[in-house]
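Trainee: In the working numbering, the protein residues as written are 709 to 1104.
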């Protein structure tokens, strides 16, 4: 799922300066950057595919610091352009940054700020969002990054509204994506925005990827604690919650275990993980439901009870909102994909386990676009009390 936010009035009114061209895309490379993420915008915007109906962009590959630039596997790259070339670009793309703990070069940050002030579209792929945040371009804006690094981004840049559930976030003139493959999703979105669905579809066929992916990052999350959480006093409460997902408890229970008021706990938890505690808890329970649907033959009703949901209806609603399908459809699709011998029973959180049946009836995969792609134009929250919305007080 994407998040398209209406651009701020000043961003919408800002026009591209005379020396910049809309069709020119500058990709800013740094030493230590992973080669796969770096190659995504090079492939999307740097190859002439006009024969397939894809409008051509003009690519500028720019070094963000002195070279040669070392990348994955010890390879060395020499970028043909320097930071000065960014001044001609209508779009500037920053692929994954080399380290979420090290500051980007100030010269590169100045070039990004200047490009933004002159109306250029600024794009951060994966941990490239950290570079945009360091430049101050994400202040007060919605953004995303790889789910594993979202808590760090939220903690280091508290003015950024980090949403670890999204594949990408389009906030008008500043765009960010989640990890690796989500960079392709965002680049396709840019082509779609510039030239329409037909051009984006033609490019997707050339890349052999779906033109749009439904859902978000939730299906890829795991239960490991981000590194920075491990040393925080709340880590014990988070670990307890993960070990007791099969029990029914609410955020007030977690706040009490942390010896905090609900308001203080909400604020501390959000600064630590980048997510409201209720949304985090629902996401973890849905993840546990995924595992049980994949590795056991418990009914959907039983799965709901073993994941701490008060009813199967609650499970179905949250599951569909996060993953775009019903629990039954998800299980059918998962079993149809996996070889029969690969499915192994997974221990239930209560200690019991029910193995899978010896055989499953063949089930056709649901069509790729069975769930309509939804685009959110604004970040307006749902009313308090709606299922799965931060601020809801009842347990999921």
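Note that beta-carbon positions come from the ideal geometry of N, C-alpha and C, so glycine has one too.
I need the straight-line Cα distance from residue 1007 to residue 960, nearest angstrom please.
Mentor: Numbered from 1 along the chain shown, position 299 holds the residue referred to as residue 1007. Numbered from 1 along the chain shown, position 252 holds the residue referred to as residue 960. In a straight line, the C-alpha of residue 1007 is about 29 Å away from that of residue 960.
Trainee: Name the one or two DSSP bridge partners that residue 969 has.
Mentor: Indexing the chain shown from 1 puts residue 969 at position 261. In the DSSP output, where bridge partners are listed per residue, residue 969 has none listed.
Trainee: Relative to the C-alpha of residue 862, which candidate in 837, 817, 953, 810 has its C-alpha closest?
Mentor: Counting from 1 along the chain shown, the entry for residue 862 is found at position 154. Of the candidates 837, 817, 953, 810, the one whose C-alpha sits nearest the C-alpha of residue 862 is 837.
Trainee: Can you list, in chain order, the residues of its chain with a C-beta nearer than 8 Å to that of residue 907? Leave out the 5 residues immediately preceding and following it.
Mentor: As a first step, residue 907 is located in the chain shown; it is residue number 199 there, counting from the start. 761, 762, 763, 899, 900, listed in sequence order.
Trainee: By the three-class DSSP mapping on this structure, what secondary structure does residue 770 have?
Mentor: Here residue 770 is taken as the residue at index 62 of the chain shown, counted from 1. If DSSP states are grouped into helix, strand and coil, residue 770 belongs with the strands.
Trainee: By how many angstroms is the C-alpha of residue 873 removed from the C-alpha of residue 976?
Mentor: Within the chain shown, residue 976 is the residue found at index 268, counting from 1. Within the chain shown, residue 873 is the residue found at index 165, counting from 1. Those two C-alpha atoms are separated by around 19 Å.
Trainee: Can you grab the Cα-Cα spacing for the pair residue 721 / residue 847, in whole Å?
Mentor: Numbered from 1 along the chain shown, position 13 holds the residue referred to as residue 721. Numbered from 1 along the chain shown, position 139 holds the residue referred to as residue 847. The predicted position of residue 721 is uncertain, since its pLDDT is 48 and thus under 50; a value taken from the coordinates is nonetheless stated next. So the two alpha carbons sit approximately 19 Å from each other.
Trainee: According to DSSP, is residue 775 helix, strand or coil?
Mentor: Walking along the chain shown from the start, residue 775 turns up at place 67. In this structure, residue 775 counts as coil in the three-state DSSP scheme.
Trainee: When you compare the CB positions of residue 797 and residue 868, do they come within less than 8 Å of one another, or not?
Mentor: The residue labelled residue 797 in the question sits at position 89 within the chain shown. The residue labelled residue 868 in the question sits at position 160 within the chain shown. Result no, Cβ atoms of residue 797 and residue 868 do not sit closer than 8 Å.
Trainee: Using a threshold of 8 Å, state whether the C-beta atoms of residue 803 and residue 842 are closer than that.
Mentor: For the purposes of this step, residue 803 is identified with residue 95 of the chain shown, where counting begins at 1. For the purposes of this step, residue 842 is identified with residue 134 of the chain shown, where counting begins at 1. Remark: C-beta atoms of residue 803 and residue 842 do not approach each other more closely than 8 Å.
Trainee: Is it buried or exposed for residue 835, if we count other Cβ within 10 angstroms and need 16 for buried?
Mentor: Translated into the one-based positions of the chain shown, residue 835 becomes position 127. So residue 835 ends up on the buried side.
Trainee: Quick one: what does DSSP say residue 796 is sitting in, helix, strand or coil?
Mentor: Residue 796 sits at position 88 when you count from the first residue of the chain shown. Correct three-state label for residue 796: helix.
Trainee: Look at the alpha carbon of residue 979 and the alpha carbon of residue 859, and state the distance between them as a whole number of angstroms.
Mentor: In the chain shown, counting from the first residue as 1, residue 979 sits at position 271. In the chain shown, counting from the first residue as 1, residue 859 sits at position 151. Looking at the two C-alpha atoms, the distance is approximately 8 Å.
Trainee: Could you tell me the distance, in whole angstroms, from the CA atom of residue 999 to the CA atom of residue 1018?
Mentor: Counted from its first residue, the chain shown places residue 999 at position 291. Counted from its first residue, the chain shown places residue 1018 at position 310. So the two alpha carbons sit approximately 18 Å from each other.
Trainee: How would you call residue 723, buried or exposed, if buried means at least 16 neighbouring beta carbons within 10 angstroms?
Mentor: Counting from one through the chain shown, the residue named residue 723 turns up at place 15. Residue 723 should be labelled exposed.
Trainee: I'd like the ranges of any alpha helix (DSSP H) spanning at least 4 consecutive residues and lying wholly in the stretch 976-1005.
Mentor: 985-1003
Trainee: Between the C-alpha atoms of residue 749 and residue 866, what's the straight-line distance to the nearest angstrom?
Mentor: The sequence position of residue 749 within the chain shown is 41, counting from 1. The sequence position of residue 866 within the chain shown is 158, counting from 1. When rounded, the distance between both Cα atoms is 28 Å.
Trainee: Could you spell out where the beta strand (DSSP E) holding residue 829 opens and where it closes?
Mentor: Here residue 829 is taken as the residue at index 121 of the chain shown, counted from 1. Its beta strand (DSSP E) spans residues 829-832.
Trainee: With 16 other CB atoms within 10 Å as the buried threshold, where does residue 755 fall?
Mentor: Here residue 755 refers to the residue found at position 47 when the chain shown is read from its first residue. Exposed.
Trainee: Please report the distance separating the alpha-carbon of residue 1005 from that of residue 948.
Mentor: On the chain shown, residue 1005 is found 297 positions in, with the first residue counted as 1. On the chain shown, residue 948 is found 240 positions in, with the first residue counted as 1. Approximately 26 Å, taken between the alpha carbons.
Trainee: Can you tell me the Cα-Cα spacing of residue 904 and residue 962, whole angstroms?
Mentor: Working through the chain shown from its first residue, we reach residue 904 at position 196. Working through the chain shown from its first residue, we reach residue 962 at position 254. The alpha-carbon atoms of residue 904 and residue 962 are separated by roughly 47 Å.
Trainee: When we look at the beta-carbon of residue 814 and count the other beta-carbons within 10 Å, is it buried (16 or more) or exposed?
Mentor: Along the chain shown, one-based indexing puts residue 814 at 106. So residue 814 counts as exposed.
Trainee: Pull up the CB-CB distance for residue 735 and residue 783, whole angstroms please, since I reckon it's below 8 Å.
Mentor: Position 27 of the chain shown, counted from the start, is the residue given in the question as residue 735. Position 75 of the chain shown, counted from the start, is the residue given in the question as residue 783. Contact flag wrong, Cβ pair sits at about 16 Å.
Trainee: For residue 983, which residues of its own chain have a beta-carbon under 7 Å away from its beta-carbon, when the five flanking residues on both sides are left out?
Mentor: To locate residue 983, count along the chain shown from 1; it is residue 275. Closer than 7 Å at the Cβ level, and outside the excluded window around residue 983, lie 872.
Trainee: Counting only the same chain and skipping the five closest in sequence on each side, list residues whose C-beta sits under 7 Å from that of residue 788.
Mentor: Looking up residue 788 in the chain shown gives position 80. Residues of the same chain with a CB within less than 7 Å of the CB of residue 788, apart from the 5 flanking positions on each side, are 769 in chain order.
Trainee: Pull up the CB-CB distance for residue 737 and residue 771, whole angstroms please, since I reckon it's below 8 Å.
Mentor: Counted from its first residue, the chain shown places residue 737 at position 29. Counted from its first residue, the chain shown places residue 771 at position 63. That belief holds up - the Cβ atoms of residue 737 and residue 771 are roughly 6 Å apart, short of 8 Å.
Trainee: Taking the alpha helix (DSSP H) that residue 747 belongs to, which residues open and close that run?
Mentor: What you label residue 747 is simply residue 39 of the chain shown in a count that begins at 1. Taken as a continuous stretch (DSSP letters only), the alpha helix (DSSP H) holding residue 747 covers 743-754.
Trainee: Give a yes or no on whether 8 Å exceeds the smallest Cβ distance from residue 996 to chain C.
Mentor: Looking for chain C here will not work: only one protein chain is present.
Trainee: For residue 972, is the classification buried or exposed, using 16 other Cβ atoms within 10 angstroms of its Cβ as the cut-off for buried?
Mentor: For the purposes of this step, residue 972 is taken as residue 264 along the chain shown, with counting starting at 1. Counting Cβ neighbours within 10 Å, residue 972 comes out exposed, since fewer than 16 surround it.
Trainee: So, at 7 Å on beta carbons, what are the nonlocal neighbours of residue 808 in its own chain, with the 5 sequence-adjacent residues on each side left out?
Mentor: In the chain shown, counting from the first residue as 1, residue 808 sits at position 100. The answer, listed in chain order, is 835, 838, 857, 860.
Trainee: Straight-line CA distance for residue 954 to residue 986?
Mentor: Here residue 954 refers to the residue found at position 246 when the chain shown is read from its first residue. Here residue 986 refers to the residue found at position 278 when the chain shown is read from its first residue. Straight-line Cα distance between these residues: approximately 16 Å.
Trainee: Please determine, among 752, 785, 1025, the residue with the shortest C-alpha to C-alpha distance to residue 773.
Mentor: Counting from one through the chain shown, the residue named residue 773 turns up at place 65. If we check each option's Cα against that of residue 773, 785 comes out closest.
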